[in-house]
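A.B. asks: In the numbering used here, the protein residues as written are 19 to 190.
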């Protein structure tokens with residue numbers, strides 16, 4: 019029952035993060051990633067990792083109706099969040115007043131913005147790919163395809179990392 023209680027929180031998180039509006043059409047990526055995208059992704063990993071079998075799939079004996087539903091819901095929240103990033107008319111790295119913020123081991127928000135500005139279509143494509151990947155996780159969870167769901171949850175890191183490497187992390 020406690021796990022079902024997290025759904026309203028996740029939905030409020032999606033609603034509370036600055037989103038594109040009809041007036042400004044701006045999506046502030048850093049805060050959006052730290053909100054609904056991160057929440058949904060972490061929930062997918064939590065469920066998938068806790069139920070993982072020796073072959074990387076999900077062990078169906080570790081899942082119950084509630085966990086399957088939560089896996090599908092979290093994947094759906096990630097799907098709609100990623101689609102919003104793909105569809106955002108204007109992409110901003112950080113909220114106003116935080117454009118010069120620097121996180122340890124990452125580019126400055128000013129640099130990230132320059133990377134977005136140089137190739138916004140690649141970001142949109144990566145976001146669409148993430149949305150499609152999340153939709154596959156949701157479909158596998160709804161169908162209770164344990165092996166497929168587990169493999170897709172495991173591959174989620176690659177989908178995230180491709181974008182992070184291009185826009186957020188210094189090249190080693």
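The beta-carbon is built from N, C-alpha and C at its ideal position, and this holds for glycine as well.
1. Comparing C-alpha positions only, which one of 124, 105, 160 sits nearest to residue 88?
2. Can you name the start and end residues of the beta strand (DSSP E) that residue 108 belongs to?
3. Round the Cβ separation of residue 168 and residue 66 to the nearest angstrom and send it over; I've been treating them as touching at under 8 Å.
4. Do the stretch 128-140 and the stretch 72-88 touch if we need at least three Cβ pairs shorter than 8 Å?
5. According to DSSP, simplified to helix, strand and coil, what is residue 170?
6. Evaluate residue 57 with the Cβ neighbour count: other Cβ atoms within 10 Å of its Cβ, from every protein chain shown; 16 or more gives buried, anything less gives exposed.
7. Does DSSP classify residue 46 as helix, strand or coil?
C.D. replies: Quick look at the numbers:
1. Closest by C-alpha distance to residue 88, out of 124, 105, 160, is 160.
2. 108-110
3. 6 Å
4. no
5. Assigned with DSSP and collapsed to three states, residue 170 falls in helix.
6. buried
7. Residue state, collapsed to three classes: strand.
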